[in-house]
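Below is one structure, written out as structure tokens, with a few remarks after it.
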Amino acid sequence: MRCRLEPMSFLAAHEPFVDAGRAANFLAMSRKTLLSMSRKGYLPAHPIGQGSRKIWRFRLSELSRWIESEAVELDSHRGRNERDIS
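1157 is the number of the first residue of the sequence shown in my numbering; add one for each residue after it.
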């Protein structure tokens, strides 16, 4: 599922960006996995630069909302599968 960013709130516009290392630590995943998911558009990320080599920056609040939405989606799929089995 591709990530769609919502319009930024006033607070999000003033939140500092973090690098891939800090974002990966926040999500408890490897930096390599985080960057791969970012390139594929699976999580909220902000590429900086042109060409094939970009610097990726992240906002922790966006990552937190993304994780929460993924958890809700997984719960809804789990509930659907349990009903289908019964």
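The C-beta atom is built at its ideal place from N, Cα and C for all residues, glycine as well.
Inter-residue spacing [alpha-carbon to alpha-carbon] between residue i and residue j
| i | j | result |
| --- | --- | --- |
| isoleucine 1211 | serine 1225 | 25 Å |
| threonine 1189 | alanine 1201 | 13 Å |
| isoleucine 1223 | alanine 1184 | 11 Å |
| asparagine 1181 | isoleucine 1204 | 20 Å |
CB of residue i within 8 Å of CB of residue j, strictly
| i | j | result |
| --- | --- | --- |
| glutamate 1171 | serine 1217 | yes |
| aspartate 1134 | arginine 1215 | Residue 1134 lies beyond the range of the chain shown here (1157 to 1242); nothing can be said about it. |
| arginine 1187 | glycine 1177 | yes |
Exposure of residue i, with buried meaning 16 or more beta-carbon neighbours within 10 Å
| i | result |
| --- | --- |
| arginine 1195 | exposed |
| alanine 1227 | exposed |
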